[in-house]
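A quick write-up on the structure given underneath.
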Amino acid sequence: MTIAEDREALLAEIGGQNKATIGAVLGSGSIAKATERADGTMEATIRIAEDALAWEPSVLVLPHAGTVELTIINDDKNTHACLLPSNGDRKFIGLLNHSKGRATLELDGPGYYWYGSPAGNDEGRGLTAAIVVGGEVPPEAKLDRPAQPRP
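Residue 1 is where the sequence shown starts when you use this note's numbering, and the numbers rise one by one after that.
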């Protein structure tokens, strides 16, 4: 299967607009799904390829909220960083050229979590990406109102 076919298959699995995808951002990079262990912890690898100034994948899909262990690889000749979302506090990983780091994130609800490299003007030049967490919010977080029509 090609990268494009893998991408289409995963997009079909997680749903279209107003489900677990992010409109136009998906058109500009790759998408991948985290691996889930037997204990429910998820894991994935994200990387910056040499001379690409882009995260690979640019969208990481988690099937549900919880703990995700990330391996972050900088294959570039330049120094970058990774500022990641996590409950309670963000995680900062400095990435010297050709280096690797690890981060454990706690993401407690469905939604879009953005991250990037705050080094220099990396974010301004496009080194941003998203973690998309699927699933439903817990019952206590739902609004007390009738169901709304969905497109």
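Cβ atoms here follow ideal geometry from the backbone N, Cα and C, with glycine treated the same way.
Fair warning: this is a prediction, and the values are worked out from it, not measured in the lab.
Beta-carbon gap between residue i and residue j smaller than 7 Å
i    : j    : result
V133 : L105 : no
V61  : K33  : yes
R90  : L96  : no
E50  : M42  : no
I31  : V68  : no
G40  : G66  : yes
H64  : G120 : no
Boundaries (first-last residue) of the beta strand (DSSP E) holding residue i
i    : result
E69  : 66 to 74
A81  : 80 to 84
E106 : 99 to 107
K33  : 31 to 33
L95  : 91 to 95
E43  : 42 to 48
Residue i CB to nearest heavy atom of the ligand GDP below 6 Å
i    : result
L107 : This structure lacks the ligand GDP, and indeed carries no ligand of any kind.
CB-CB length for residue i against residue j, believed under 8 Å
i   : j    : result
A38 : I72  : With 8 Å as the limit, A38 and I72 do not qualify as a contact, their Cβ atoms being about 24 Å apart.
A54 : G116 : Not really, about 11 Å apart at Cβ, beyond 8 Å.
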